[in-house]
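Engineer: Take 206 as the starting number for the sequence shown in the working numbering and just add one per residue. Backbone N, C-alpha and C define an ideal beta-carbon position, used for all residues, glycine too.
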Amino acid sequence: MDRISIFGLIITLIFIFLLIYVIEILPFPSFQYPIDYSHFVSIESEPMKEYSQFLWDKRAQDLIAQAFLMFVAAISCITIFRKEVKEK
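So, in structure tokens, the structure goes:
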């Protein structure tokens, strides 16, 4: 194994351990039944304020999804630009 492969393996293991940490240790409702949020926004009040509050309340899920997408994008770039090994 060359240096880049070892570095990629280490980074992948770090991300796997972080994912296990997030799933097992931190309280995250990913494996619970969904809650009906349709009654949270009232029609009488200002809708943009309510919508903004809803988005800020769900910021943790947004950040986890963004981190996952950035990780997938980085792995895809590494896959695209990897060195070709010529067979002899």
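Starting from Tyr238 and walking both ways along the alpha helix (DSSP H), at which residues does that stretch end?
Structural biologist: As a position in the sequence shown, residue 238 is number 33, starting the count at 1. No alpha helix (DSSP H) holds Tyr238; DSSP gives it neither H nor E.
Engineer: Starting from the C-beta of Ile209, find all residues in its chain whose C-beta is less than 6 Å away, skip the five residues before and the five after it, and write them out in chain order.
Structural biologist: On the sequence shown, residue 209 is found 4 positions in, with the first residue counted as 1. Closer than 6 Å at the Cβ level, and outside the excluded window around Ile209, lies no residue.
Engineer: DSSP three-state label for Glu255, please.
Structural biologist: As a working mapping, residue 255 is identified with position 50 in the sequence shown. Correct three-state label for Glu255: helix.
Engineer: Less than 8 Å between the C-beta atoms of Gly213 and Ile285, yes or no?
Structural biologist: Indexing the sequence shown from 1 puts residue 213 at position 8. Indexing the sequence shown from 1 puts residue 285 at position 80. No; because the gap between Cβ atoms is not below 8 Å, this pair is not in contact.
Engineer: Taking just the CA atoms, how far does Phe259 sit from Ala265?
Structural biologist: Within the sequence shown, the letter at position 60 stands for residue 265. Within the sequence shown, the letter at position 54 stands for residue 259. So the two alpha carbons sit approximately 12 Å from each other.
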